[in-house]
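Visitor:
There are 4 protein chains.
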Amino acid sequence: MAAPARHFASDNSASTHPEVLAAIMAANEGHALAYGADRWTASALALFQAEFGEGSAAYLVLGGTGANVVGLGALLRPWEAVLCATTAHINVDECGAPERFLGCKLLPLATPDGKLRPEMIRAAVGGLGEDHQAHHARPRVISVSQSTEYGTVYTPDELRALSDVAREFGLLFHMDGARLSNAAAALDLPLRALTADVGVDVLSFGGTKNGAMGAEAVVMFDPALDEALRFGRKQATQLPSKMRYVAAQFEALLRDGLWRRNAAHANRMARRLARGAAEVPGITITQPVDANAVFARLPRGRIAPLQERRSFYIWDEAGSEVRWMCSFDTTEGDVDAFISEIRAVLA
Amino acid sequence: MAAPARHFASDNSASTHPEVLAAIMAANEGHALAYGADRWTASALALFQAEFGEGSAAYLVLGGTGANVVGLGALLRPWEAVLCATTAHINVDECGAPERFLGCKLLPLATPDGKLRPEMIRAAVGGLGEDHQAHHARPRVISVSQSTEYGTVYTPDELRALSDVAREFGLLFHMDGARLSNAAAALDLPLRALTADVGVDVLSFGGTKNGAMGAEAVVMFDPALDEALRFGRKQATQLPSKMRYVAAQFEALLRDGLWRRNAAHANRMARRLARGAAEVPGITITQPVDANAVFARLPRGRIAPLQERRSFYIWDEAGSEVRWMCSFDTTEGDVDAFISEIRAVLA
Amino acid sequence: MAAPARHFASDNSASTHPEVLAAIMAANEGHALAYGADRWTASALALFQAEFGEGSAAYLVLGGTGANVVGLGALLRPWEAVLCATTAHINVDECGAPERFLGCKLLPLATPDGKLRPEMIRAAVGGLGEDHQAHHARPRVISVSQSTEYGTVYTPDELRALSDVAREFGLLFHMDGARLSNAAAALDLPLRALTADVGVDVLSFGGTKNGAMGAEAVVMFDPALDEALRFGRKQATQLPSKMRYVAAQFEALLRDGLWRRNAAHANRMARRLARGAAEVPGITITQPVDANAVFARLPRGRIAPLQERRSFYIWDEAGSEVRWMCSFDTTEGDVDAFISEIRAVLA
Amino acid sequence: MAAPARHFASDNSASTHPEVLAAIMAANEGHALAYGADRWTASALALFQAEFGEGSAAYLVLGGTGANVVGLGALLRPWEAVLCATTAHINVDECGAPERFLGCKLLPLATPDGKLRPEMIRAAVGGLGEDHQAHHARPRVISVSQSTEYGTVYTPDELRALSDVAREFGLLFHMDGARLSNAAAALDLPLRALTADVGVDVLSFGGTKNGAMGAEAVVMFDPALDEALRFGRKQATQLPSKMRYVAAQFEALLRDGLWRRNAAHANRMARRLARGAAEVPGITITQPVDANAVFARLPRGRIAPLQERRSFYIWDEAGSEVRWMCSFDTTEGDVDAFISEIRAVLA
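Protein chains in written order, with the working numbering: chain A, 17 to 363; chain B, 17 to 363; chain C, 17 to 363; chain D, 17 to 363.
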């Protein structure tokens, strides 16, 4: 049988990084109290705090949608609403979990590239006034994805500008950082420079798409949210039972910068792919390749034949736009072979 | 440093069984489409169907509370209520997750041993009548835990009697089988004899407390529930991203009866512990030791000193009752040492 | 055709008091901005504040269940729970609306007479400890019904004792005052002596059962709750559109003490009924007749024949206990005729 | 003091029609069982059935937002979504009540005039496919407002086309008919021609904006929805206690066509206003005046001075667009005086 295929469908198609797997195995000794009262969790939480700063705290959870609903739930009362991009994962890819669990309304804003901008927020909340009779769900949280679902990355200045407008209007600032590692690697900045330092209140921090087996966390920068996060996590069915195995994954990612090495590699592969594909006649790269995603337009009839060679997703059927994701285990060989396949199919 | 402690706090303090760990490692090859479109998941689902019967289907999830809310959610409309024992995990140990996610009311019924009986159901629903004006949440589901939170086990006849009363009153039948393996091992019966064959509609099937690292499933016996379970799982934040690693765990447990060997061993250790402890003056075993839990009453002042030697939980502060759980990795040596400690502390 | 029957089914079987009806008609002039921006509402809110004190504010709503979910919603986050009597309206007669709308768990406590006592609260919350892992919904609100569903009345001292235990454990204090008027009339105390003065945080104040056509209010004693009540009311579908007609009803009830006259009369009729019925052999009055309800046990076979003469409800089928409610428009003639009917049926 | 002002803010600023008030007074006799077991309710429900057809049934409720959440709740499971216009009342004016109560996602579609069209539905649901992994909330209901929030009216053919596309994609059809009477009057058609006859599954039928004091109803055309509507109404806190007074209002509106006379008059006043205003230089009428609303653009600086003379709402701050609503009690004199005021302010 041939070697197992690597494709470009998603970074959660990737395997588990060997160092993460080793950490899981090392945690498999004896008994450990469940739900986080174990030494692996203590160690992982300390690494999180070292990474994100003194005032921060992490809450380990099972999945990315779970991280989002737990984190947003700590910031929102049910009559409050979330401003997000129309393309946000919370808006399109979570089956309405935020509405279901939080009872809250999302207020999606159209963007060209998945990135919110201060003027969009102003336009959305500026005219609301006092609303004495409470007819409208009250905008309360700005939620950004970093890197975005379009593979674009907010600079610290862009994030700070959003944070400023949030403070101006009494809003809180949430970040879906399922791919924050890719953004930090792209900008060559520490994680805290994109979160604590720019006014993020609550962060979903992803491990799964960056080499973990299944490990996500909610990180908060305001100790007053502790109770909401602890009880919200349990109530959202996101409290891991044998938490040591989730903790061990984060230990592996955070201890010696594995998270950055993995993300930087995935980003590099995406740039390589974009460069190569852009040279193929008929291909247009449609978004800046800031992180590990490549968005491309190609002739409609060529999409299906190319998918037969390698898995990937159509992003916009009408616009004939596709998404190619790279991950920590994508190799230069994978990329170059795929470019050849693209060239062959489009010839 | 001494060997890592094994204690009696809970079966989710246990480690991961080496065969499960090996299966996880074996699944770590190449790329696999996320969310279940992979060969490990296909294989695990086939094993589930072989175990539970033609008409059944399994949905892999991340946690036990998650399995319960997803499964109950497929059976309930929000104005319907769940009849359960006051001691049920869904009632006392899930932080209100069922109420939060389902919007439903639980109607807890007092039991001596964690087991519902037909006459309790009759008393609860018999007098309700038509309720034309809809003042009362409508009882719709009977939920049992098998084995129960008291370590007791329903016989097939007891389950069938509940199922009969359910049909009589137009109710559905849900089983929280976080420890179904222990019940099946105790009765030396196949899993289906305690589920499909006695009229269970939806089952939460637990792997985590029986040697898995983190693997639960919802099993349904009515194909009409498929959409509710698929969408409910996603919306409940319980759809595993890299599902192959959850599937691999179930493959290990289900392929050659590892689930039964693990559970039978844990049950054996509980009986050994109960036998030994019962001989210690001052100890009363308070519940039948059908599965892997031992409930005991001991002099109030002796609880804390004993807890200093080995972790375990107080079950009923007022009644001076404690719970000792055994797991697949509890050894005869652990049990015998603990009996000695009990004897020493109570001397 | 005979004069329309008056019976003993419920105080919401009663008609609308003529003064309330006159106030509604008087409000029917010209246009008035909807949702409360009208002069009748301003006037009613001022009367509420005069009645309940400077720090209070009222929010008019459409129904009693609505008042309860709006008021509780201002006090609770979704992982928090409500301690209430098993007999509480919120627990048995609202079809699970609190669970549905709030996502919260109710923790019902058994009582002999519908009244919670401090020791019940202590027993329920005393042993909970910190719950670092958040397994249990967090008790946060004590909810009492005044008068209770058993027609019993809390004294100010009893309420203050509950309020004290609430403060001791960090709980808030909610009162379902659908029949608060009856309690205040029974004790000959101002409304504030049973609410603001004894530490109630949020009150549901009922008009409908005391002569209104359909008028309820949430009264709060902590200005910080304003936003939660305004937005919660709208979101709970309880914001009256043409609010002036609700306001006019409360103006009629509050302006010259009509609320007290109505309630005192209903209470008097209940005492008269209890006195007369108690003399009938075979009848046992089962609860103190503090307010406008009479609970009685009578021979099982005599219930249905008596119901054929006058409508009333069976309270406890098994215990052969019935409820007879009096209202503002119950006459001495109605009561005496009913006593004769009871005597005839039991003869 | 001058005669009370009549203005153009909203049709729920209007008073109660004298015939409705008379019916309320006539219902104020003796006792009547609460929650609908009374003769006025029986009579009103029969009138509803006569109006909407054999297979229909009405459920009286307290408010319009309540009618919408109850009706939609009977059609939806929580993972299902509602396709509606961005301008729909359920989307912008209900403070997120649908999301809160139903847990469902709304999928708003942009329209030029508040009216959905089949091609918008096709574009929204056509590409969804099977969604085996359930990432996206599942479109399940099309909800239209008739007449729309822009005062436009769907013809029967337009409704039938939407109903056809609904059936094609397995969707259900909901109508927010808070102003259905205005639409039926505008088209000179019976109510059933715009509902039962064109495939509506569930209707919110408004009385309050058409001369009632506070009376709304959910009308369903599929008997299988009965349980969902009865229990949903109670759980949504929308079951009127003294229901006879709500029923009496509908009796007055439905018995002799008062609903149509009221609506036709309001429509006529809107046309008169639009005609007169259109002649004022600087005024542009921005939407077809199909029913009782007039939308107009006027010079930004003239809005506030005009509002000082008569209350009305700004609809679109940026576009300098306002809304003028007429109601059953708007007189020709009111309209002509307002046109003079407009002329004066814009001069």
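By construction, the Cβ of each residue, glycine as well, lies at the ideal position given by its N, Cα and C atoms. Note that the structure is a prediction, hence the values are computed from the model and not measured.
1. Which one of D/A66, D/V36, D/Y329 has the shortest CA to CA distance from D/P206?
2. Given this structure, state the Cα-to-Cα distance separating D/N226 from A/I299, to the nearest angstrom.
3. How would you label B/H152, buried or exposed, when you count the other beta carbons within 10 angstroms and need 16 or more for buried?
4. Three Cβ pairs or more, each shorter than 8 Å: is that satisfied between the segment 124 to 135 of chain B and the segment 286 to 301 of chain B?
5. Straight-line CA distance for B/I69 to B/R208?
6. Does the beta-carbon distance from A/A244 to C/R249 come in below 8 Å?
7. Give the straight-line distance between the Cα atoms of A/G186 and D/A212, rounded to the nearest whole angstrom.
8. With H, G and I counted as helix, E and B as strand and the rest as coil, what does DSSP make of D/G218?
9. Just tell me which of C/E333, C/P114, C/R339 has its CA closest to the CA of C/S327.
10. Measure from the alpha carbon of D/E333 to the alpha carbon of each residue in A/E45, A/Y329, A/G142, then state which is nearest.
11. Since I believe B/L76 is in contact with B/A60 (beta carbons under 8 Å), could you give me their beta-carbon distance rounded to a whole number of angstroms?
12. Whose Cβ in chain C lies nearer than 9 Å to the Cβ of B/D365?
13. Within a Cβ cutoff of 6 Å, which residues of the same chain sit near C/G230, ignoring the five residues on either side of it in sequence?
14. Residues in the same chain with beta-carbon distance under 6 Å from B/E110, minus the five sequence neighbours each way, listed in chain order, please.
15. Roughly how many angstroms separate the alpha carbons of D/G378 and C/T253, rounded to a whole number?
16. Does the beta carbon of C/W95 come closer than 8 Å to any beta carbon on chain A?
17. Which runs of the alpha helix (DSSP H) at least 4 residues long sit entirely within the segment 105 to 177 of chain C? Give them in chain order.
18. Mapping DSSP to helix, strand and coil, what is A/Y261?
19. Consult DSSP for A/G89 and reduce its assignment to one of helix, strand or coil.
20. Under 8 Å: do the segment 352 to 361 of chain A and the segment 21 to 36 of chain B share three or more Cβ pairs, one atom per stretch?
21. Please name the residue, chosen from A/E337, A/G222, A/F64, A/S31, that lies closest to A/L270 on a Cα-to-Cα basis.
22. Just to confirm, does A/L205 get its C-beta within under 7 Å of one of the non-hydrogen atoms of the ligand GDP?
23. Taking the alpha-carbon positions, what's the B/A198 to B/F237 distance?
24. So is A/A18 in contact with chain B if we call contact Cβ pairs under 8 Å?
25. Quick check: C/V157 and C/L49, are their CB atoms within less than 8 Å of each other?
26. Write down every uninterrupted run of the alpha helix (DSSP H) in the segment 18 to 86 of chain B whose length is 4 residues or greater and which is fully enclosed by it, in chain order.
27. Taking DSSP's pairing of strands, which residues face B/W275 in a bridge?
28. Kindly indicate if chain C contains any beta-carbon less than 8 Å away from that of A/A307.
29. Could you tell me which residues DSSP puts in a beta bridge with A/R246?
30. Take the Cβ of B/A280 as the centre, count every other Cβ of all protein chains shown within 10 Å, and call the residue buried at 16 or more, exposed below.
31. State buried or exposed for B/P34, treating a residue as buried only when at least 16 other CB atoms are found within 10 Å of its CB.
32. Using the C-alpha atoms, what's the distance from C/G79 back to C/P256?
33. Could you name the residues of the same chain whose beta carbon sits closer than 6 Å to that of A/S179, not counting the 5 residues immediately before and after it, in chain order?
34. How close, in whole Å, do the beta carbons of C/A4 and C/V234 come, if the pair is a contact with beta carbons under 8 Å?
35. Near D/G335, what residues of its chain come up, given a Cβ to Cβ distance below 7 Å and the 5 sequence neighbours on each side ignored?
36. Please decide whether C/G89 counts as near chain B, where near means a Cβ-Cβ distance under 8 Å.
Guide: In short:
1. D/A66
2. 59 Å
3. buried
4. no
5. For the sequence presented, residue 69 of chain B should be read as Gly rather than Ile. Using only the alpha carbons, I get a separation of about 7 Å.
6. no
7. 47 Å
8. Here residue 218 of chain D is Val; the residue named in the question, Gly, does not match the sequence. Three-state DSSP puts D/V218 in a strand.
9. C/R339
10. A/G142
11. 7 Å
12. Residue 365 of chain B cannot be examined here, being either before or after the span of chain B that is shown, 17 to 363.
13. T224
14. T81
15. With chain D covering 17 to 363 only, the question about residue 378 of chain D has no answer from this structure.
16. yes
17. 105 to 108, 113 to 118, 134 to 141
18. helix
19. helix
20. no
21. A/F64
22. The ligand content of the structure shown is nil, which means the ligand GDP is not present either.
23. One detail in the question is off: residue 198 of chain B reads as Asn in this sequence, not Ala. Roughly 21 Å separates the two Cα atoms.
24. Below a pLDDT of 50, predicted positions are generally treated as unreliable, and A/A18, at 41, falls in that range; no measurement from the model is reported.
25. no
26. 34 to 42, 55 to 68
27. Looking at the DSSP assignment, B/W275 forms no beta bridge with any residue, so it has no partner.
28. no
29. Answer is none; A/R246 lacks a bridge partner.
30. buried
31. exposed
32. 10 Å
33. F189, V214, G215
34. As shown, chain C starts at 17 and ends at 363. That puts residue 4 of chain C outside it, with no answer to give.
35. R313
36. no
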